[in-house]
């Protein structure tokens, strides 16, 4: 059963199950998964929302990730009736997005690729956390290794609840725990593209053993191998 509250529980380090954190599924992969393809899937806000709702329901996500940088946010939210039962939107934004649209109840969380955006918009604080119109914030980091620690630290100082990372190792788990930041993603596109399905299963298992509950490739829309990606999804779905 899809339930956006499971995504939020994981983001808040509350007890619960795993949830998918895969905000940038490449279009080629998306079209293969839903068995439909063509420009008409993406050529308007309405078609885009319809496609994303179908896609994330199919992969058994608890939320629908949508990009408020690619389409007008208000237009996207107007299609809230397309949300499958139990699901809400997680919106990716930048400084040009219509931030007041985030007040809509169909949105449960926000992903941001600029650390300082929470200092420029109307945020509130709750138990040391930054909220944009009451929504928890996740920072989208492309950093690897020790550089990721800098982003985790900066995100923690600004009150982000989570950091989405390309790849997560044991040191990052320890550092994030010290800073009270939840990690998302982290399997690694290289692992998805260049290892066998069993290796991907083992990688996901290792991450969940280290209490990662928001599982994803860590990709940002770059090409991924179909077999590797469905291996990741298959392991995730077995954990539900």
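Numbering (this note's numbering), first residue to last: 250 to 489. Glycine residues also receive a C-beta, built at the ideal position from the N, C-alpha and C atoms.
Express the C-alpha separation of residue 282 and residue 320 in angstroms, rounding to a whole number. 22 Å
Looking only at its chain, what residues have a beta carbon closer than 7 Å to the beta carbon of residue 270, apart from the 5 residues adjacent to it on each side? 413, 433, 434, 463, 464 and 465
Excluding the 5 residues preceding and the 5 following residue 252 in the sequence, name in chain order all residues of the same chain whose CB lies nearer than 7 Å to its CB. 311 and 335
If you compare alpha carbons, which of 308, 307, 286 and 342 is closest to residue 323? 342
Apart from the five residues on each side of it in sequence, which residues of its chain come closer than 6 Å, Cβ to Cβ, to residue 422? 459
Where does residue 478 fall in DSSP's three states? helix
Using a Cβ-Cβ cut-off of 7 Å (strictly less than) and excluding sequence neighbours within five positions of residue 404, which residues of its own chain qualify? 364, 388, 412 and 430
I need the DSSP call for residue 360, collapsed to helix, strand or coil. strand
Segments of 4+ residues assigned as alpha helix (DSSP H) that fall wholly inside the stretch 376–415: 395–406
Would you kindly check if the distance between the Cβ of residue 437 and the Cβ of residue 415 is under 9 Å? yes
Whole-number beta carbon distance between residue 358 and residue 257, since they are thought to touch under 8 Å: 7 Å
Work out the CA separation of residue 339 and residue 288 for me, nearest whole Å. 23 Å
Kindly indicate which three-state DSSP category residue 431 falls into: helix, strand or coil? strand
Measure the alpha-carbon distance for residue 448 versus residue 267 and round it to whole angstroms. 19 Å
Is the distance from the Cβ of residue 313 to the Cβ of residue 274 below 9 Å? no
Using 10 angstroms around the beta-carbon of residue 272, count the other beta-carbons present and answer buried if the total reaches 16, otherwise exposed. buried
Residue from 378, 317 and 441 with nearest C-alpha to residue 428: 378
Leaving out five residues before and five after residue 315 in sequence, what residues of the same chain have Cβ atoms less than 8 Å from its Cβ? 297, 298, 301, 325, 338, 339, 340 and 341
Identity of the residues DSSP links to residue 264 by a beta bridge: Answer is none; residue 264 lacks a bridge partner.
Over what stretch of residues does the beta strand (DSSP E) that includes residue 316 continue unbroken? 312–316
Can you give me the start and stop residues for the beta strand (DSSP E) that residue 463 sits inside? 463–465
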